[in-house]
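Notes to accompany the following structure.
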Amino acid sequence: MAENDITGAPPAALPGQPSVVPRTAAALIDIGINLAHDSYDADREAVIARAAAVGVVQMIVTGSSAASSRTAISLSRQHPDRLFATAGIHPHHATELTAAVVAELGELALAPQVVAVGECGLDYYRNYSPHDAQREAFHRQLELAARCGKPVFLHQRDAHEDFLAILREHWPALAGGVAHCFTGGVAELESYLEMGLAIGITGWICDERRGAHLPDLVRRIPANRLLLETDGPYLLPRDLRPKPPSRRNEPVYLPHIAGAVAHARGEPLSSLARTSTEAARRLFQIHEVDSGKFS
Ligand SMILES: [Zn+2]
Numbered sequence: 003m004a005e006n007d008i009t010g011a012p013p014a015a016l017p018g019q020p021s022v023v024p025r026t027a028a029a030l031i032d033i034g035i036n037l038a039h040d041s042y043d044a045d046r047e048a049v050i051a052r053a054a055a056v057g058v059v060q061m062i063v064t065g066s067s068a069a070s071s072r073t074a075i076s077l078s079r080q081h082p083d084r085l086f087a088t089a090g091i092h093p094h095h096a097t098e099l100t101a102a103v104v105a106e107l108g109e110l111a112l113a114p115q116v117v118a119v120g121e122c123g124l125d126y127y128r129n130y131s132p133h134d135a136q137r138e139a140f141h142r143q144l145e146l147a148a149r150c151g152k153p154v155f156l157h158q159r160d161a162h163e164d165f166l167a168i169l170r171e172h173w174p175a176l177a178g179g180v181a182h183c184f185t186g187g188v189a190e191l192e193s194y195l196e197m198g199l200a201i202g203i204t205g206w207i208c209d210e211r212r213g214a215h216l217p218d219l220v221r222r223i224p225a226n227r228l229l230l231e232t233d234g235p236y237l238l239p240r241d242l243r244p245k246p247p248s249r250r251n252e253p254v255y256l257p258h259i260a261g262a263v264a265h266a267r268g269e270p271l272s273s274l275a276r277t278s279t280e281a282a283r284r285l286f287q288i289h290e291v292d293s294g295k296f297s
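All you need for my numbering is the position in the sequence shown, starting with 1, plus 2.
Following this line, the structure appears as structure tokens:
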């Protein structure tokens, strides 16, 4: 979601070793990790290794600008079968989507490492780009996703009606999509499910202040459309104990988030892990990886 959702000082580059998180019984996929973010510059390989050690076998690196989309693809090339990329322009950067950038994104989206177009959508909460520019950029990227036949990785905040209207227009031509970092209410959730979207759940559900409504809502999501993501470096789960030395989030905490979601749904973590991983593989056309290869 959530550029600037780390409040206060920027995250420290090197947090030290995060607290030990138990390995899950089944492989997990972090479908939204902003691994191109500069807060990972000092220890990106260690972040990837720590994730693998707790069973996060694959990750989708979010592209939110032309530059971060290029970085996401190059990281994915360095870690084949393990990292995948999205290519897109976040609504915060909507004014950057010139015709030249649309053409460049069109090229990037064809890369075999790219499994979705986005993150794209509307954000009327931060309003870093004017609404008309955001709507325009959203249309262009949905057209692009339809042309390349890849699903969309969607961001929406405080813009539900416009978002839904635009998405509805393009939906018949699209290869599915995910409402990433879902934090909305029941009506929003039902309209996404009715349309056919998958739903991405982050550590927002671990926030007893602003995520208190989510445990009830995640029970409504069909298992085959529930995806898990950290959205790191943003949205560090608030209930980690002991508190990590840094506020930077990273994929090693995905099992913790999965545990919170499984608990809310009253199902074993192993079953949620299996269904969410299958759902991610189906939507993004990601093949199973030989887990021995990375452990
Ligand atoms: Zn987002």
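Positions of the beta carbon are idealized from the N, C-alpha and C atoms, including for glycine.
Buried versus exposed, by CB contacts within 10 Å (16 or more), Y255 | buried
Which residues DSSP lists as bridging I62, in chain order = F86
The beta strand (DSSP E) enclosing R137, as first and last residue numbers = Premise fails: R137 lies in the alpha helix (DSSP H), H133 to C150, not in any beta strand (DSSP E).
Under 8 Å between C-beta atoms of G178 and G198 = yes
Going by beta carbon distance, what residues of the same chain come within less than 7 Å of V291, once the five residues before and after it are set aside?
-> V59, Q60, D83 and R84
Compute the distance between the beta-carbons of V119 and Q143, then report whether it is under 8 Å.
-> yes
What's the call for Q80, buried or exposed, on a 16-neighbour Cβ count within 10 Å?
-> exposed
Where E231 falls: helix, strand or coil (DSSP) = coil
From which residue to which residue does the beta strand (DSSP E) around H157 run?
-> V154 to R159
Under 6 Å Cβ to Cβ from Y126, same chain only, skipping five residues before and after it: list those, please.
-> D160 and A161
Quick one: using the 10 Å Cβ neighbour count with 16 as the cut-off for buried, is N36 buried or exposed?
-> buried
Do C150 and ligand 1 come close, with the Cβ less than 7 Å from some heavy atom?
-> no
What is the residue span of the alpha helix (DSSP H) that I259 lies within?
-> L256 to R267
For R79, the three-state DSSP class (helix, strand or coil) = helix
Pull up the DSSP beta-bridge partners for D32, would you.
-> M61
Where L37 falls: helix, strand or coil (DSSP) | coil
Can you name the residues that DSSP bridges to G187?
-> Answer is none; G187 lacks a bridge partner.
Using DSSP with H/G/I as helix, E/B as strand and the rest coil, what is E106?
-> helix
Run the proximity test for E145: is its beta-carbon closer than 7 Å to any non-hydrogen atom belonging to ligand 1?
-> no
Quick one: what's got a C-beta closer than 8 Å to E280's C-beta in the same chain, skipping five residues either side?
-> N226
Identify whether R283 lies in helix, strand or coil by the three-state DSSP scheme.
-> helix
Mind checking which residues open and close the alpha helix (DSSP H) that includes E1?
-> Nothing can be reported for residue 1, as the shown portion of the chain is limited to 3 through 297.
Spatial neighbours of S297 within its chain, please: CB distance less than 8 Å, with the 5 preceding and 5 following residues excluded, ordered by chain position.
-> Any reading at S297 is ruled out, since the residue's pLDDT is 45, under 50, leaving its predicted position unreliable.
Cβ shell of R284 (< 8 Å), same chain only, five flanking positions each side left out | N226
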